[in-house]
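Asks:
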């Protein structure tokens with residue numbers, strides 16, 4: 344649970360998500376944490392729906408962050 348929150352809070356701070364959006368993002372991470380690629384895609388899709396302007400940098404940042412924490416999530 345703690346690692347999911349850490350990822351969500353880091354992304355929330357970087358991309359200006361509101362508290363309720365961060366809580367929703369924690370749920371998305373929990374639901375998809377068992378498949379790395381699915382987790383990355385789900386987080387990127389959530390950010391897109393939340394109004395974050397998408398670019399290659401966003402995708403790369405999410406991928407790096409998830410890769411860093413992934414072994415600790417499962």
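In this note's numbering, the protein residues as written are 344 to 417. Note that beta-carbon positions come from the ideal geometry of N, C-alpha and C, so glycine has one too.
Can you look up residue 377 in the DSSP assignment and give me helix, strand or coil?
Replies: Three-state DSSP puts residue 377 in coil, outside helix and strand.
Asks: Kindly indicate the opening and closing residues of the alpha helix (DSSP H) around residue 405.
Replies: First-last of the alpha helix (DSSP H) with residue 405: 399-416.
Asks: Measuring alpha carbon to alpha carbon, tell me which of 368, 399, 400, 357 ends up nearest residue 382.
Replies: Nearest option by C-alpha distance: 368.
Asks: By Cβ distance below 8 angstroms, which residues in the same chain neighbour residue 391 in space, the five residues on each side in sequence not counted?
Replies: Excluding sequence neighbours, residue 391 sits near 397.
Asks: Could you check what DSSP says for residue 359 in three-state terms: helix, strand or coil?
Replies: In the structure shown, residue 359 sits in coil (DSSP, three-state: anything other than H, G, I, E or B).
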